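Heads up: the protein sequence lines correspond to chains L and E, in order.
The first sequence begins at 14 in the working numbering and counts up one residue at a time.
The second sequence begins at 14 in the working numbering and counts up one residue at a time.
Virtual Cβ for every residue (Gly too), placed ideally from N, Cα, C.
It should be emphasised that the depicted structure is a prediction, and the values quoted were computed from it without experimental measurement.
Number of protein chains: 2
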Amino acid sequence: MDYDNVSRQTIIRLPSYLNYLKNLTNDRYTNISATIIANALGLNDVQVRKDLSVVSSAGKPKVGYNREELIKDIESFLGYDTHNRAVLVGAGNLGQALLSHDGFSKYGIDIVAAFDKDADKAGMMINGREVRPIEELSSFCKRNRIRIGVLTVPEERAQEACDCMLEAGIVAILNYAQVYLVVPAEVKVETETVAYAISQLINHIR
Amino acid sequence: MDYDNVSRQTIIRLPSYLNYLKNLTNDRYTNISATIIANALGLNDVQVRKDLSVVSSAGKPKVGYNREELIKDIESFLGYDTHNRAVLVGAGNLGQALLSHDGFSKYGIDIVAAFDKDADKAGMMINGREVRPIEELSSFCKRNRIRIGVLTVPEERAQEACDCMLEAGIVAILNYAQVYLVVPAEVKVETETVAYAISQLINHIR
């Protein structure tokens, strides 16, 4: 199934299924049905069946899915079974927090180094990753064939840092600055949108 | 304009406009046109005009928008001009990182206290906020009329923590655990979806 043709809502639900399946310790569930998953997660079972059919052909009528196979299929679809090395640019508060939390690795991204404009930060170790001067970004990425970057600089410096990443050969950017980045068509930017989530919540309570 | 009828894409672009407008130091821009904003951000000017017309009626033909008014209109639409007190549940790595980074306040949410199940964490101060025992969540929220909560516990404890929040009267939850939360219809959950963004990026490079 072509990833690009799958709806955003389906892709957002997949990590929930994966988490549920991985945490199942009950031996009874060598095979598991969409209905059981749906009930456990409070979702509609037609929806769950549809979502799973997108990523896996391992489902059988009356038997359901083999749990291990389904886990593998979801991980493979989401790219979590890969190990993509990435760099982080901007080792300020947010960058340091993300390095410490280390929440990306289970999604298939390993941050291997951080870069910062501030020469004083060079040499700092955060959760096993070294902070390097931004001048080394390009040679580091090219030498290590790194194409994914996480951008955690303040808004007013985001485009400048983005340009450094482009020059270094980065083609996929996870952008934590709430600004629109100007990039060539072949580069993909995903902007982290806590602003959107928060405005939805505020709208809900007012 | 009814917030609920505005597209997600528009709401995601609004913080970029806001950031651009607030950082403009040039006195020349007492008034500013959608075209100037579009050019600065690398966006289509028809799109920008449409987005701004959703949130503001301050635009005039040939004159553009009064910058100060437009800033106020966008902030008001997004709810950033309000001060909504919120609690954070789960003072582990991620919770502490979010408290330290303090990235929510500019979006109208002030986290005033954190809660954790681990009694050893009680009394810790993180960036001026006290960590309290989870048993105090309900009385704290009710006393302070807090209806927004940020959930940063591990996945396997997310539903349990969510239930505590519901019992405390929380009706709007920013969920950082990648699990589906079962809540009554009147409660709004926004799940932070870095999983989705990352899978998009990985798909882009493979």
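query: Distance between L/Asn32 and E/Gln191 (C-alpha atoms, nearest Å); result: 8 Å
query: Whole-angstrom distance between L/Val196 and L/Ile211, CA atom to CA atom; result: 27 Å
query: Chain-order list of residues whose beta-carbon lies under 6 Å from that of L/Val184 (same chain, five-residue window excluded); result: Arg160, Val200
query: Listed by chain order, chain L residues near E/Ala208 by CB distance under 7 Å; result: Pro28, Tyr120
query: Candidates L/Ala110, L/Met138, L/Gly77: closest to L/Ser46 by CA position; result: L/Gly77
query: The stretch 102 to 112 of chain E / the stretch 141 to 154 of chain E touching (three or more Cβ pairs under 8 Å); result: yes
query: DSSP-derived helix/strand/coil call for E/Leu56; result: coil
query: Extent of the continuous alpha helix (DSSP H) to which E/Val192 belongs; result: Neither: E/Val192 is in no alpha helix (DSSP H) and is coded neither H nor E.
query: Backbone CA spacing between L/Leu91 and L/Ile24 [nearest angstrom]; result: 8 Å
query: Bounding residues of the alpha helix (DSSP H) (the contiguous stretch that carries L/Glu203); result: Here L/Glu203 belongs to no alpha helix (DSSP H); instead the beta strand (DSSP E) covers 201 to 204.
query: Within chain E, partners of L/Ser113 - CB distance below 7 Å; result: Asn106, Ala110
query: Per DSSP, the bridge partner or partners of E/Tyr78; result: E/Ile45
query: Within chain E, the residues that L/Ala185 reaches when beta carbons sit closer than 7 Å; result: Leu214, His217, Ile218
query: Beta carbon proximity, L/Gln191 to chain E, threshold 7 Å; result: yes
query: DSSP bridge partner residues for L/Leu187 (one or two, in chain order); result: L/Val163, L/Glu203
query: Euclidean distance between Cα positions of E/Pro167 and L/Gln213; result: 23 Å
query: CB of L/Val44 within 7 Å of CB of L/Asn18, strictly; result: One detail in the question is off: residue 44 of chain L reads as Asn in this sequence, not Val. Going by C-beta atoms, L/Asn44 is not nearer than 7 Å to L/Asn18.
query: Neighbouring residues, chain E, relative to L/Tyr16 (Cβ below 7 Å); result: Asn216
query: E/Ala73 to E/Leu83 span [Cα, whole Å]; result: The sequence as given places Lys at residue 73 of chain E; Ala does not occur at that position. Going by the C-alpha atoms only, they are around 12 Å apart.
query: Residue of E/Arg21, E/Lys75, E/Asp94 minimising C-alpha distance to E/Asp64; result: E/Arg21
query: Span separating the alpha-carbon of L/Glu203 from that of L/Tyr209; result: 13 Å
query: Three-state class that DSSP yields for L/Asp123 in the structure shown; result: strand
query: Rounded straight-line distance, which links the Cα of E/Ala127 to that of L/Met138; result: 28 Å
query: Proximal chain L residues relative to E/Asn32, where beta-carbon distance stays under 8 Å; result: Glu168, Gln191, Val192
query: L/Arg142 in three-state terms, based on DSSP; result: strand
query: E/His3 burial status per 10 Å Cβ neighbour count (16 or more: buried); result: Only positions 14 to 219 of chain E appear in this structure, which leaves residue 3 of chain E out of reach.
query: Classification of L/Ala26 by the beta-carbon crowding that lies within 10 angstroms, buried from 16 upward; result: Reading the sequence as shown, one finds Arg at residue 26 of chain L and not Ala. With 16 or more Cβ atoms within 10 Å of its Cβ, L/Arg26 is classed as buried.
query: Closer than 7 Å to chain A by CB, E/Glu81; result: Considering every chain present, this structure includes no chain A. Its protein chains are L and E.
query: Below-7 Å beta-carbon distance, E/Lys201 vs any chain L residue; result: yes
query: Closer than 7 Å to chain L by CB, E/Arg142; result: no
query: Bridge partners - L/Ile155, DSSP secondary structure assignment; result: Per the sequence shown, residue 155 of chain L should be read as Lys rather than Ile. Answer is none; L/Lys155 lacks a bridge partner.
query: Chain E contact for L/Asn52 (CB, 7 Å cutoff); result: no
query: Residue-chain proximity (L/Asn97, chain E), Cβ-Cβ < 7 Å; result: yes
query: For L/Asn97: DSSP bridge partner residues; result: L/Ile122
query: The stretch 37 to 68 of chain L: positions lying closer than 7 Å to chain E by Cβ; result: Leu54, Gly55, Leu56
query: Three-state secondary structure assigned by DSSP to E/Val196; result: coil
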